[in-house]
Amino acid sequence: MKYSFAPDVPVTLPVANSHENFPVRRIYCVGKNYADHIVEMGGNAKRDEPVFFTKSAQTIVKNYSKIPYPRNTTNLHYEVELVVAIGPNGIFGYSVGLDMTRRDVQKIAKSKGGPWSRAKNFPNSAVCSNITPSDQVKIQNAEIKLLKNNEIVQKSNISKLIWSINEIISYLKNDMDLKEGDLIYTGTPAGVGAVLPGDILLGQIDGLEEINVEFV
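Position in the sequence shown (first residue = 1) + 59 = our numbering.
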């Protein structure tokens with residue numbers, strides 16, 4: 060096949076305990092999926108329809124990266140999340156993710172009733188650890204936490220998801236184009252906050268490889 064110009068190199072994530080790489084097709088994200096986070100953002104923690112948005116695969120940042128502070132924001136926020144990786148036969152595995160958010164941009168978009176794209180889908184906004192195959196971990200009651208400069212700032216349990224992993228997958232299959240290679244960021248618990256150059260973020264979920272990145 061002849062291309063008008065060279066296509067992008069596929070984005071991949073290492074698979075833990077193997078020599079394989081997981082090819083990333085698309086990133087789906089779930090908003091408002093922990094009650095305590097909804098409350099801290101000024102919302103009502105009732106079980107409404109799940110909120111979805113997307114990021115491009117090119118926003119992926121791998122473990123131990125030094126991440127440049129993004130343009131067009133003065134209020135970059137961290138959000139630690141469980142990431143579900145979809146394979147040919149359903150759930151392939153899990154990883155620890157950070158949904159980086161330009162909170163000031165999001166606030167303006169919300170005030171105008173507009174989409175969150177500029178606040179969520181920007182370079183280096185989807186931090187993701189290596190993927191642990193699903194048969195190597197029990198995730199349903201795993202603890203999730205984030206440390207900023209060695210201080211715990213977010214801590215919860217995967218069992219507190221408003222919409223379970225299987226429910227999220229069902230919604231995406233019925234409403235979107237969920238396929239192998241897709242990642243699902245499943246939402247963040249309370250404790251989100253600002254990141255500045257020099258900050259080190261350490262995200263952990265029981266049984267998964269942690270994520271460790273520095274902002275510069």
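Ideal Cβ positions, reconstructed from N, Cα and C, are used throughout, including at glycine.
Quick check on DSSP: helix, strand or coil for V186? Strand, per DSSP.
Just confirm the distance between the C-beta atoms of F181 and F81, as a whole number of angstroms; I'd bet it's less than 8 Å. Not really, about 23 Å apart at Cβ, beyond 8 Å.
Compute the minimum distance between the beta carbon of E99 and the heavy atoms of the ligand NAP, and state whether it is under 7 Å. Although the ligand NAP was asked about, the structure shown includes no ligands whatsoever.
Does K179 pass the burial test, meaning 16 or more other C-beta atoms within 10 Å, or should it be called exposed? Around the beta carbon of K179, 16 or more other beta carbons sit within 10 angstroms, so the residue counts as buried.
D107: buried (16+ other C-beta within 10 angstroms of its C-beta) or exposed? With fewer than 16 Cβ atoms within 10 Å of its Cβ, D107 is classed as exposed.
What are the start and end residues of each continuous alpha helix (DSSP H) run of 4 or more residues lying completely inside the region 80-158, in chain order? For the region 80-158, the full-length alpha helix (DSSP H) segments reaching 4 residues or more read 94-99 along the chain.
Please report the distance separating the alpha-carbon of I259 from that of Y87. Cα-Cα distance, rounded: 25 Å.
Between which two residues does the alpha helix (DSSP H) holding K232 run? I224 to D234 is the span of the alpha helix (DSSP H), which, as asked, contains K232.
Please classify S77 as buried or exposed, where buried requires at least 16 other C-beta atoms within 10 Å of its C-beta. Exposed: under 16 other Cβ atoms inside 10 Å.
Give me, in chain order, the residues of the same chain whose beta-carbon lies closer than 7 Å to that of V70; leave out the 5 immediate sequence neighbours on both sides. The residues are V83, A116, Q117 and I119.
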